[in-house]
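For what it's worth, numbering that gives the first Met the number 0 labels the leading residue of the sequence shown as 0, then goes sequentially. Positions of the beta carbon are idealized from the N, C-alpha and C atoms, including for glycine.
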Amino acid sequence: MELTFRQVDVFATEPFRGNPLAVIVGADELSDAQMAQIANWTNLSETTFLLRPTQPDADYRVRIFTPQTELPFAGHPTLGSAFVWQSLGKASKSDVIIQECGVGLVPVRKQADRLAFAAPSRRRSGPVEQDDLAHALRALRLVSQDIVDAQWVDNGPGWIALRLRSRRDVLAVQPDWQALKGHYVGIVGPWDSVHDGTDAQFEVRAFVGDGQGWEDPVTGSLNVGIAQWLIESGIAPTQYVARQGAALQRAGQIFVEKISDDIWIGGNVVARIFGTITI
């Protein structure tokens, strides 16, 4: 069996400095075990599989796998999958692309030369319980005085977000990967326009406790959860730019915009590898 394969660079501002995603098209005949094995083999943070939708309003269905597990939703796989689906000449049923995934239907729309997805509902929000907060702090080698606030921002993966005082503090964090095991923790801190510039307003990092533990280069699901938290609490404006990936020599750029009741997370997507995958 040969299927269409694309590898795309999501939230990219420069070549090869965004978050790569493998996308396999027409994967309806693949088993769960085959999808999991392929995602483990590509060894990217996520691999997606495009299938026929099961809901009448959806344009396509996507399944999202990390090398270790399947996710109900993730941000950069949403943008990358929509980009590939659209690039194959597909026409959406409405003025937005409707993606079907584990959390339901997610709208994706063109935004200037970018794509943007609407924030799905959070599965969990609000203050972080003391035991969970203590674990997150220990895993990031922080103490309570190092953070301003903490919040659940879970829209699928299980994110806890910690708000630090500055971009410098965010970039200085050195996680204890063993202590992080089993947890998804994100951190965010404001840019100082004098010392950091004005290209963005917030710096974000994402730490994933799967397997041996790793840092995600650019993370749509975390950024949308953080955006919901910061905008609702009045900490962030209704439109801002976040940067992510500096600690990994990446240059991810995330465009956040609140329109009516929806928060949209946008970014550039560029195709880097075109081909087929033999199964």
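Could you check if residue i is buried or exposed, using at least 16 other CB atoms within 10 Å of its CB as the buried criterion?
i: Ser220; result: buried
i: Val169; result: buried
i: Pro126; result: exposed
i: Gly188; result: buried
i: Asp58; result: buried
i: Arg164; result: exposed
i: Met34; result: buried
i: His182; result: buried
i: Gly27; result: Going by the sequence as given, residue 27 is Asp instead of Gly. Classification for Asp27: exposed.
i: Asn154; result: buried
i: Ile278; result: exposed
i: Pro55; result: exposed
i: Leu70; result: buried
i: Ala226; result: buried
Terminal residues of the continuous beta strand (DSSP E) containing residue i?
i: Arg204; result: Phe201 to Val207
i: Leu50; result: Thr46 to Leu50
i: Arg242; result: Gln238 to Gln243
i: Asp153; result: Ile146 to Asp153
i: Leu114; result: Arg113 to Ala117
i: Glu256; result: Gly251 to Ile258
i: Leu170; result: Unbroken run through Leu170 is the alpha helix (DSSP H), Arg166 to Ala171; no beta strand (DSSP E).
i: Asp27; result: Taken as a continuous stretch (DSSP letters only), Asp27 belongs to no beta strand (DSSP E), as it is neither H nor E.
i: Glu294; result: The structure shown does not extend to residue 294, since the chain spans only 0 to 278, so no value can be given for it.
Would you mind working out which of the options sits nearest residue i, comparing C-alpha positions?
i: Leu78; options: Phe254, Met0 and Ala135; result: Phe254
i: Arg61; options: Val268, Pro106, Asp261 and Gly17; result: Note that residue 61 corresponds to Val in the displayed sequence, not to Arg. Ranking the options by Cα distance to Val61, first place goes to Pro106.
i: Gly74; options: Ile278, Asp260 and Gln252; result: Gln252
i: Thr197; options: Lys257, Leu20, Arg122 and Arg166; result: Arg166
i: Ile258; options: Arg249, Tyr239, Ala270 and Leu247; result: Tyr239
i: Pro174; options: Trp151, Ala205, Ser192 and Pro156; result: Ala205
i: Glu99; options: Arg271, Ala171 and Trp84; result: Trp84
i: Leu247; options: Trp263, Gln211, Val203 and Thr277; result: Val203
i: Lys180; options: Gly210, Trp151, Trp190 and Asp191; result: Gly210
i: Trp151; options: Ala111, Trp228, Glu13 and Lys92; result: Trp228
i: Asn18; options: Thr218, Asn222, Gly274 and Gly25; result: Thr218
i: Ser124; options: Gly274, Val223, Leu50 and Trp263; result: Val223
i: Arg122; options: Ile159, Ala115 and Lys109; result: Ile159
i: Phe4; options: Leu87, Ala32 and Thr65; result: Leu87
i: Arg140; options: Leu2, Ile186, Gly233 and Thr275; result: Ile186
Near residue i, what residues of its chain come up, given a Cβ to Cβ distance below 8 Å and the 5 sequence neighbours on each side ignored?
i: Pro236; result: Gln200 and Ile230
i: Phe72; result: Ile63, Cys100, Gly101, Val102, Val105, Pro119, Asn154, Gly155, Pro156 and Ser220
Report all residues from its chain with a CB closer than 7 Å to the CB of residue i; omit the five preceding and five following residues, and keep chain order.
i: Phe283; result: Residue 283 lies beyond the residue range present for the chain, which begins at 0 and ends at 278; the question has no answer from this structure.
i: Arg113; result: Phe254, Gly265, Gly266 and Asn267
i: Ala178; result: Arg137 and Ala138
i: Asp130; result: none
i: Ala250; result: Thr12, Glu13, Arg16 and Gly244
i: Trp176; result: Gln211 and Gly212
i: Asn39; result: Pro66
Using DSSP bridges, identify the partner residues of residue i.
i: Glu1; result: Thr277
i: Ala21; result: Gln6 and Thr46
i: Gln98; result: Tyr59 and Val105
i: Arg123; result: Asp153
i: Ile159; result: Trp151 and Val184
i: Ile262; result: Lys257
i: Ala270; result: Val7
i: Leu70; result: Ile63
Just to confirm the assignment, what range does the alpha helix (DSSP H) spanning residue i have?
i: Pro106; result: Pro106 -> not in any alpha helix (DSSP H); beta strand (DSSP E) instead, spanning Gly103 to Gln110.
i: Ala35; result: Asp31 to Thr41
i: Trp190; result: Neither: Trp190 is in no alpha helix (DSSP H) and is coded neither H nor E.
i: Gly79; result: Gly74 to Ser86
i: Arg230; result: Rather than Arg, the amino acid found at residue 230 in this sequence is Ile. First-last of the alpha helix (DSSP H) with Ile230: Gly219 to Glu231.
i: Asp130; result: Gln129 to Ala138
i: Gln177; result: Trp176 to Leu179
Can you list, in chain order, the residues of its chain with a C-beta nearer than 6 Å to that of residue i? Leave out the 5 residues immediately preceding and following it.
i: Asp261; result: Ala117
i: Arg271; result: Gln6 and Asp8
i: Ala21; result: Gln6, Thr41, Leu43 and Thr46
i: Ser91; result: Asp58
Is residue i near the ligand COA, judged by its Cβ being under 6 Å from some heavy atom?
i: Asp145; result: No copy of the ligand COA appears in this structure; indeed no ligand is present at all.
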